[in-house]
Every structure is written in structure tokens, then in C-alpha cells.
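Okay, so here's the structure we're looking at.
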Amino acid sequence: MALKTCSVSCNDLQDVLHTVEVTAETLYDAVAKALVIFRQNDWVADIGTGMTPVTVVVKEPTVMHQVLMKDFERWLKRNGRSPAEAANRSALRKQLGV
Numbered sequence: 003m004a005l006k007t008c009s010v011s012c013n014d015l016q017d018v019l020h021t022v023e024v025t026a027e028t029l030y031d032a033v034a035k036a037l038v039i040f041r042q043n044d045w046v047a048d049i050g051t052g053m054t055p056v057t058v059v060v061k062e063p064t065v066m067h068q069v070l071m072k073d074f075e076r077w078l079k080r081n082g083r084s085p086a087e088a089a090n091r092s093a094l095r096k097q098l099g100v
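Our numbering puts the first residue of the sequence shown at 3, with every later residue one more than the last.
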């Protein structure tokens, strides 16, 4: 898959909206990379789970997606369909400390 530049946004538990730009191959790859950045940033409080929405805007052409954290977490726990996808998810889990 081709890398895409994405703007990823979500509110923390203090209801502050945070946005970061990442480069990712897939929708959930973008969510994972953004969560890593948010968790490393002192300005971001904890991000919720479950029904917490995460918005991903893919640039060129601009496309917007919204994912619930519960769906992302379920995806992250599954094995990939190919060796490359499995390796990517494993790397994302490691980055997220899961």
C-alpha cells in the first residue's frame, strides 16, 4: 500500500482536541501512530477507549474517516492477513506498549 499523509484528531479525557499529522499505509496505522505521538506529549491528557472517536483526514485527495477506539483496539489485537500486515501490527503494538 502507498503511504498517505493524514491528519489525526481526538479529544483527551479533559475534552481538549488534539491533532497531529502522520504518514501511514492504512487507517488504523494512522490511528496507532497518532496515539504514540499523543501519549508522548505532555500537553495531552489520557485518551479514552471504547466509544472515543478518532478522526482521520487523508490528504491528496482529502478524505475523512472516524473510528471508535473500541474498533481500533479490536483490530490491533487481531493477527494480520499477511506476514507483512502481521509484522506491521506487531510493530504498532510494540510502539503503543500493548
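All residues carry an ideal CB built from backbone N, CA and C; glycine is no exception.
Asked                                                                                                                                                                            : Found
Mind pulling the alpha helix (DSSP H) runs of 4 or more residues that sit fully within the region 15-85?                                                                         : 29-42, 71-79
Kindly list the residues whose CB is nearer than 7 Å to the CB of L29, restricted to its own chain and excluding five residues on each side of it in sequence; keep chain order. : V58, H67, V69
Looking at G82 and R76, is the spacing between their C-beta atoms short of 8 Å?                                                                                                  : no
Ordered along the chain, which non-local residues of its own chain (more than five positions away) have a Cβ less than 8 Å from that of F74?                                     : Y30, V33, A34, V56
Give me the residue from T64, K72, E62, Q42 with the minimum Cα distance to G50.                                                                                                 : K72
So if DSSP puts W10 in a beta bridge, which residue, or which two residues, is it bridged to?                                                                                    : Per the sequence shown, the amino acid found at residue 10 is Val instead of Trp. DSSP lists V22, V58 as partners of V10.
Is L5 helix, strand or coil when you go by DSSP?                                                                                                                                 : coil
Nearest to V24 by CA position, among S9, K61, V18, is which residue?                                                                                                             : S9
Can you give the Cα-Cα distance for V18 and R41, rounded to whole angstroms?                                                                                                     : 14 Å
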